[in-house]
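> Residues 15 to 288 (the working numbering) are what the sequence shown spells out, left to right.
To start, I am sharing the structure in question, which I have written as structure tokens.
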Amino acid sequence: MKTDLNTSKHFTLQMLADGIYAAISMDEGAAICNTGLIDLGGLVVIYDTFQTPQAARDLAEISRNLFGQTPLVVVNSHWHNDHYWGNQVFAGQSQILSSDKTYRGIAEAMPEFSFYPPNITFKQHLMLHGNRRTVELIDYQNGHSASDTILYIPNDGIVFLSDLLFVGCHPYLGDGHPQGQQDALRAVGQMDAEVFIPGHGPVGARQDLLMMIDYISHCCETVNNLIQQGKGKAEMECLEVDPAFRDWKFGFFFQDNLQFLWDMQNQPESRLDE
Ligand SMILES: [Zn+2]
Numbered sequence: 015m016k017t018d019l020n021t022s023k024h025f026t027l028q029m030l031a032d033g034i035y036a037a038i039s040m041d042e043g044a045a046i047c048n049t050g051l052i053d054l055g056g057l058v059v060i061y062d063t064f065q066t067p068q069a070a071r072d073l074a075e076i077s078r079n080l081f082g083q084t085p086l087v088v089v090n091s092h093w094h095n096d097h098y099w100g101n102q103v104f105a106g107q108s109q110i111l112s113s114d115k116t117y118r119g120i121a122e123a124m125p126e127f128s129f130y131p132p133n134i135t136f137k138q139h140l141m142l143h144g145n146r147r148t149v150e151l152i153d154y155q156n157g158h159s160a161s162d163t164i165l166y167i168p169n170d171g172i173v174f175l176s177d178l179l180f181v182g183c184h185p186y187l188g189d190g191h192p193q194g195q196q197d198a199l200r201a202v203g204q205m206d207a208e209v210f211i212p213g214h215g216p217v218g219a220r221q222d223l224l225m226m227i228d229y230i231s232h233c234c235e236t237v238n239n240l241i242q243q244g245k246g247k248a249e250m251e252c253l254e255v256d257p258a259f260r261d262w263k264f265g266f267f268f269q270d271n272l273q274f275l276w277d278m279q280n281q282p283e284s285r286l287d288e
């Protein structure tokens, strides 16, 4: 099949296996996050819908060109709006699916807009079967956000992680729980897979899971050391990014992450029990 895949100005489409594609956001486009397009055989699934309808529309068009159909199932990985504002492109044609916790986050975030939240929800684990392959949706709670759903394709050794993983860029830790995110990354690391697609940044490998775990540990240790030394926030604000992470994009998140972890240390019980 010879279809021109790179017709969108918002993302580049990368084939990971026959029928499995990652749409990797371009810096200058309106996609903002990465998404996945997977043909299960008789059933096409999209994992996340970008931040804008125009990017989502391009992916729907590519799905029709490649597979002859609009995706039947759309998965919303978590409630951050750069991952689901393209939902409206699929409303009325696709079933929109998320964990029940993500559904609540999206529904609460959007009371006054005409918006298409998920219409099917699940807890913990859901499997979707086509006549060609099966995918597993697995929900991790209190990791990057209150609920992060990954999409695992066991037979192909591919995992779409959304924002549990950032590759080559600082993650945003401020809505999650650092230990929970590390636990989720370790669990994904145990899976039989070699290709890991992040929510932001290029397609990654197992090494990138370890880098993310290290980054979170580094941020937590930095904050804990300052507190133990009796230092204040002013000293923290002077800290530079560790050389191991200095080449990463989104450098502005580093100080945000330290601030978040600092505040968490001082009011640990008031968080994340929604
Ligand atoms: Zn996010």
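The beta-carbon is built from N, C-alpha and C at its ideal position, and this holds for glycine as well.
1. Mind checking Met-141: buried by the 16 CB within 10 Å criterion, or exposed?
2. Taking just the CA atoms, how far does Val-59 sit from Gly-265?
3. Taking only the alpha-carbon atoms, compute the straight-line gap between Met-278 and Lys-115 and give it to the nearest angstrom.
4. Less than 7 angstroms separating the Cβ of Ser-39 from some heavy atom of ligand 1?
5. Under three-state DSSP, which class holds Lys-263?
6. DSSP three-state call for His-24: helix, strand or coil?
7. Excluding sequence positions up to five away, which residues of its chain have a Cβ less than 8 angstroms from the Cβ of Ser-108?
8. Should Thr-21 go down as buried or exposed, given a rule of 16 or more other Cβ atoms within 10 Å for buried?
9. I want to check one thing, is the minimum distance from the CB of Asp-270 to the heavy atoms of ligand 3 below 7 angstroms?
10. For ligand 1, I want to know if Ser-159 counts as a neighbour, meaning its beta carbon is within less than 7 angstroms of at least one of the ligand's heavy atoms.
11. Three or more C-beta pairs under 8 angstroms: does that hold for the segment 90 to 108 against the segment 172 to 179?
12. Can you check which of these residues, Ile-34, Ala-31, Gly-50, is closest to Phe-25 by C-alpha distance?
13. How many angstroms separate the CA atom of Asp-228 from the CA atom of Ala-258?
14. Say yes only if the C-beta of Gly-213 is nearer than 7 angstroms to one or more non-hydrogen atoms of ligand 1, and no if none qualify.
15. Using only alpha-carbon positions, find the residue among Gly-82, Leu-272, Gly-55 that is nearest to Leu-187.
16. Between which residues of its own chain and Met-29 is the CB-CB distance below 8 angstroms, once the five residues before and five after are set aside?
17. Taking Asn-48 as the reference, which of Leu-57, Thr-66, Gly-55, Gly-33 has the closest Cα?
18. Excluding the five sequence neighbours on either side, which residues of its own chain have a C-beta within less than 7 angstroms of the C-beta of Phe-274, listed in chain order?
19. Whole angstroms are fine: how far does the CA of Leu-54 sit from the CA of Gly-33?
20. If I measure Cβ to Cβ from Leu-240 and keep anything under 7 angstroms in the same chain, skipping five residues before and after, which residues do I get?
21. Measure the CB-CB distance between His-214 and His-158 and report whether it falls below 8 angstroms.
22. Given a threshold of 16 other Cβ atoms within 10 Å of its Cβ, counted over all protein chains shown, does Lys-23 qualify as buried or as exposed?
23. Determine, using beta carbons only, whether Val-149 and Leu-165 come nearer to each other than 8 angstroms.
24. Excluding the 5 residues preceding and the 5 following Arg-71 in the sequence, name in chain order all residues of the same chain whose CB lies nearer than 7 angstroms to its CB.
25. Quick one: using the 10 Å Cβ neighbour count with 16 as the cut-off for buried, is Arg-78 buried or exposed?
This is what the structure holds:
1. exposed
2. 33 angstroms
3. 22 angstroms
4. no
5. strand
6. coil
7. Ile-60, Thr-84, Pro-85, Leu-86, Val-87, Val-88
8. exposed
9. With respect to ligand 3, the structure offers nothing, as its ligand set consists of ligand 1.
10. yes
11. yes
12. Gly-50
13. 10 angstroms
14. yes
15. Leu-272
16. Leu-19, Tyr-35
17. Thr-66
18. Leu-187, Gly-188
19. 8 angstroms
20. Glu-249, Met-250
21. no
22. exposed
23. yes
24. Val-103
25. exposed
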